[in-house]
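Asks: As they're listed, the protein sequences go chains W and U.
Counted from 1, the first sequence has number 149 at position 149 by the working numbering; the numbering is strictly sequential.
Take any residue in the second sequence, count from 1 to its spot, add 1000: that is its number in the working numbering.
Note that CB positions come from ideal geometry on N, CA and C, so glycine has one too.
Following this message is one structure expressed as structure tokens.
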Amino acid sequence: MTQVNMTVNGKSASGDVEGRTLLAQFLRDDQGLTGTHIGCDTSQCGACVVHVNGEAVKACTMLAIEADGATVGTIEGQANDDGSLNVIQQAFQDHHGLQCGFCTPGMVMSAAALLKDNPKPSEAEIRHYLDGNICRCTGYHNIVKAIMAASGQDVSAIAAE
Amino acid sequence: MPKDGGIGASSKRREDVRFLTGNGNYTDDINIRGQAYVHFLRSDIAHGTLTSVDTAAAAAMPGVIQIFTGDDFAEIGGMPCGWQITDKHGAAMQEPKHPVLAHGKVRHVGEPIAAVVAETLAQARDAAEAIEVEIAELPAVVNMKDAVKEDAPKVHDDLTSNLCYDWGFVEENKAAVDEAFEKAAHVTTLELVNNRLVANPMEPRVAIGDYNRSDGEHTLYTTSQNPHVIRLLMGAFVLGIPEHKLRVVAPDVGGGFGTKIFHYQEEAFCTFAAKAINRPVKWTSTRSEAFMSDAHGRDHVTKIELALDAQNNFTALRTDTYANMGAYLSTFAPSVPTWLHGTLMAGNYKTPLIYVNVKAVFTNTVPVDAYRGAGRPEATFQLERVVDKCAHELGVDPIALRRQNFITEFPYATPVAVEYDTGDYVATMDKLEELADIAGFDARRKESEARGKLRGFGVNCYIEACGIAPSNLVGQLGARAGLYESATVRVNATGGLVVMTGSHSHGQGHETSFAQVVAEMIGIDESMVDIVHGDTSKVPMGMGTYGSRSIAVGGSAMVRATEKIIAKAKKIASHLLEASESDIELKDGAFSVAGTDKSVAWGDVTLAAYVPHNYPLDDIEPGLEETAFYDPSNFTYPSGAYACEVELDPETGVVTIERFTAADDFGNIINPMIVTGQVHGGLAQGIGQALLENCAYDEDGQLLSASYMDYAMPRASDLPMYDVDHSCQTPCTHNPLGVKGCGEAGAIGSPPAVVNAVLDAMRSGGKDVAHIDMPVSPSRVWAAMNG
């Protein structure tokens, strides 16, 4: 067992982990941050996307010990300080960008990383960026629309509801 | 003006807030103090005799608590099948025993052989590696037509063959159908495959068993679409636990699409093992396990023939289908290729004579059962493909041929045992033609061709049957369950309501849309209504969510219970207002006496019900809580017309979806935003089936597509923005909301439009191909273009 220390959502977090413990497992099992989901075992689905030192990372592709000393952001830390939904979260609700909610944390975290690098992405750029995030419920239409809306773009021309 | 609440409003989903902030409560998020972990050792061989399972070395590994094998379950009931089909000779289907853990033989890759329960998951996995399993391999049967040959190896030695049943529908019509074909002016024949799919909800299955020695109660937390059904099936048929000693909880469930209807071995195992070791036992499926243990979908091989007279009227339809059951009968598997498929073969057309033959076959593959649409996509695909092929053979416009044969008068009794109550297929086709901008297609095609691409346009219609019912009919058809729904409405003293519904939401937004209905009926704000589901200790009874049944059946039960609430509340109000009950009106959350200004608020009445100081105690009981069970008198029949426009790169065979238009008739709509979202998701799964997805086995029964590296899930860049319309509304005549259901339409209606469009694109490039099987992959398209 190795002790790891990191900052998660602005608070210090530490624990003893095995060498094989993934960051996703550390967040879920040690820290109780169950908003980070595990949807596959081949790093394809993106339900576990978190931010490590400001970059979007699939938490199943990183060992917990690799994140030692890192600053980690998860879905639990995304809301505004007053607890209200942030711009991206609110856009997902407003545009029905989620159904079962399982892929949603990863989608929101990926969207945040995209908008940080590309504040006004086109539809094609959003679809390309989300290649590593699989959703089975929405058919992506409303996710793409929500991300465009969150970036301040007019989505009223995109098919209704 | 869009409404801002109640029926017809696009109310934002209340469940979203917890999902968007990481506060969802999915089964894998639940951890019980003291829980142990189970890992299943699964067969990597498709068919063989289990000669030895030696667990001695594994049992000595660190952290191992107990290892279970098939012998531990020899005295336990097998996994039950919930539907019995009677074959065309009047005999019951062949129904093999389905053990919790493999016993004697293994029959598909992924079948659990042993279960290791340990202190940690890693220890359980490590120990499973040390189990020594000896399997004497037997030849596997994978191809259905090979499986029914006389000398084929048998999946189940105690059955007479690999044929589960040979079903004829309607058998009495067969001779007349054959005669119509002899007299036909034109016959179109098509052989096709409906590809095997894996449902792949993003949340893998999870089960946690818990046992309380103090009161003898078992609890199972599970990723289920219907916890009460699991309680009944597992309690009564597998483990012998009565309902009052078994609680099943399905909390937030991350998608189902049918595959979480069924009762699985892992649920029974965790419930059993929790008592055996006196500790909670948790299992979380990996995605790879999901591919080889979740029930698969589709997998039909069909020959369909359509007969027409000289005026191009459809005169008869005849189909011959092989349906894969896999190695065992999953919970509702036998019903899918029969009652959920044969009854839909009339589609939107007034074909007077129809005969459907289905041979259900056992193979050494994962069991196959309902997946979004379940039988109806298979019916729609064959019918809409053969109609399109027929139009091209005859040189007539595919839309005109469809219109000519549309059913136009309702109610309409089909020759396949169902009666459509309402529909307007002309209206949805009109709407589709308008939205799909057919007039502009030629210009778009020219633009594509200028870039060296081919462009194709395809349409199809569909009809769906939702909310399968009534129970006394489905009982005659072989269902071993009722298909009603229940709801309990509990009004609290201060006026808030809790609706306990047997429907289960795993993405459909019931917590929002169900609340809209009750709020509208009483005239109160939606925020005063809470929807509770997914826990057998909170909801009295339920049949769950599948087959687009929730609003049509569960919603109707909720309406009936709310009507009882309102009736009792009016009695209380009439007492408070000292007026005749027949003069009491409920509007905007207040009871008033007709023609006067006397009224009492909703909250005054609910308070009186629980603080009955001024109350008609001689006439009615205190309290305000009512339950209703609703058993529909018929299915509902959503319908629609879909159009797909593709671009095809003749150099590479790559097909892209450029436009997709859906014009649906779902009857009345509760929440348009949610309905549109349901269609989007269905379209993505239908387009996925048509272009990308395929569950593949090799000839030895090895599963070739057991991860997201091998099974092509549709991704954002594979799909277009959709144009979805549901303004054509012919309300259902036999349920109180006039609703029809919308969950499966997209998946049912989209695959034929995609394939029809691809073939159209090929024709525009000078290649007249009669059919191409799904998924329409680049290699298949390229081969067809260059063949």
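1) Within this structure, are the beta carbons of W/K58 and W/V72 separated by less than 8 angstroms?
2) For the segment 1679–1710 of chain U, which residues have a CB atom closer than 7 angstroms to at least one CB atom of chain W, in sequence order?
3) So, does the segment 1244–1259 of chain U touch the segment 1300–1319 of chain U, judging by three or more C-beta pairs under 8 angstroms?
4) Quick one: which residues of the segment 121–137 of chain W get their C-beta closer than 9 angstroms to a C-beta of chain U? List them in chain order.
5) Give me the subset of the segment 88–101 of chain W whose CB atoms are less than 8 angstroms from a CB atom of chain U, sorted by chain position.
6) How would you write the range of the beta strand (DSSP E) that W/K11 sits in, first residue to last?
7) Would a C-beta distance cut-off of 8 angstroms place U/G1640 and U/A1745 closer than the cut-off?
8) Since I believe U/P1334 is in contact with U/H1300 (beta carbons under 8 angstroms), could you give me their beta-carbon distance rounded to a whole number of angstroms?
9) Return the CA-CA distance between W/E161 and U/S1010, expressed in angstroms with no decimal places.
10) Distance cutoff 8 angstroms, beta carbons only. Does U/F1019 sit that close to anything in chain W?
11) Comparing alpha-carbon positions, which option in U/P1204, U/H1103, U/I1354 and U/G1048 lies nearest U/E1172?
12) Do the segment 83–96 of chain W and the segment 36–52 of chain W meet, that is, are 3 or more Cβ pairs less than 8 angstroms apart?
13) Determine, using beta carbons only, whether W/L33 comes closer than 8 angstroms to chain U.
14) Express the C-alpha separation of W/D131 and U/V1238 in angstroms, rounding to a whole number.
15) Would you mind sorting U/M1774 into buried or exposed? The rule is 16 or more other CB atoms within 10 Å of its CB.
16) If you measure from the beta carbon of W/N80 to each beta carbon in chain U, is any gap under 8 angstroms?
17) Check whether the Cβ atoms of U/A1357 and U/G1168 lie closer than 8 angstroms to each other.
18) Taking U/W1339 as the reference, give the member of U/D1320, U/L1477, U/Q1225 and U/K1275 with the closest Cα.
19) Which one or two residues does DSSP pair with U/L962 in a beta bridge?
20) Using the Cβ count rule (16 or more neighbours within 10 Å means buried), how would you classify W/K11?
21) Tell me the residue span of the beta strand (DSSP E) that contains U/P1112.
22) According to a CB-to-CB cut-off of less than 8 angstroms, which residues of the segment 1491–1507 of chain U neighbour chain W?
23) Does DSSP put W/E161 in a helix, a strand or coil?
24) DSSP on W/Q3, reduced to helix/strand/coil?
25) In whole angstroms, what is the alpha-carbon distance linking U/T1021 and W/L22?
26) Do three or more CB pairs link the segment 1662–1672 of chain U to the segment 1761–1776 of chain U at distances below 8 angstroms?
27) For the candidate residues W/E66, W/A64 and W/A56, whose alpha-carbon lies nearest to that of W/I75?
28) Using the Cα positions of W/V155 and W/G19, report the straight-line distance between them to the nearest angstrom.
29) So, using beta-carbon positions, are U/P1731 and U/G1534 closer together than 8 angstroms?
30) Report the start-end ranges of each alpha helix (DSSP H) in the segment 1046–1071 of chain U that is 4 residues or longer and not cut off at the edges.
31) Taking the alpha-carbon of U/M1097 as reference, which of U/G1078, U/A1114, U/Y1037 and U/G1082 has the nearest alpha-carbon?
32) Once DSSP output is grouped into helix, strand and coil, what is the label at U/S1486?
33) In the DSSP assignment, the beta strand (DSSP E) including U/M1345 goes from what residue to what residue?
34) Could you tell me the alpha carbon to alpha carbon distance between U/A1128 and U/M1721, rounded to whole angstroms?
35) Any chance you could list the beta strand (DSSP E) runs of at least 3 consecutive residues sitting entirely within the segment 1608–1665 of chain U, in chain order?
36) Between the alpha carbons of W/A70 and W/G32, how many angstroms are there, rounded?
Replies: On the basis of the coordinates in this document:
1) no
2) H1680, G1681, L1683, A1684, S1707, Y1708 and M1709
3) no
4) E123, A124, I126, R127, H128, Y129, L130, D131, G132, N133, I134, C135, R136 and C137
5) Q89, F92, Q93, D94, H96, L98, Q99, C100 and G101
6) K11 to V17
7) yes
8) Incorrect: roughly 14 angstroms between the Cβ atoms, too far for contact.
9) Note on W/E161: pLDDT 48, under 50, position unreliable in the model; the coordinate value appears next. C-alpha separation (whole angstroms): 8 angstroms.
10) yes
11) U/I1354
12) no
13) yes
14) 42 angstroms
15) buried
16) no
17) The sequence shown places Asn at residue 1357 of chain U, not Ala. Yes, the pair counts as a contact, with Cβ atoms nearer than the cut-off.
18) U/L1477
19) Residue 962 of chain U cannot be examined here, being either before or after the span of chain U that is shown, 1001 to 1787.
20) exposed
21) P1112 to A1118
22) H1506 and G1507
23) Confidence at W/E161 is low in this model, with a pLDDT of 48, below 50, so the placement of that residue is unreliable and no value is reported for it.
24) strand
25) 22 angstroms
26) no
27) W/A56
28) 46 angstroms
29) no
30) 1056–1059
31) The identity of residue 1097 of chain U in the sequence shown is Lys, whereas the question assumes Met. Among U/G1078, U/A1114, U/Y1037 and U/G1082, the Cα nearest to that of U/K1097 belongs to U/G1078.
32) strand
33) Segment: none, U/M1345 is in no beta strand (DSSP E) and carries neither H nor E.
34) 46 angstroms
35) 1625–1630, 1639–1648 and 1655–1665
36) 18 angstroms
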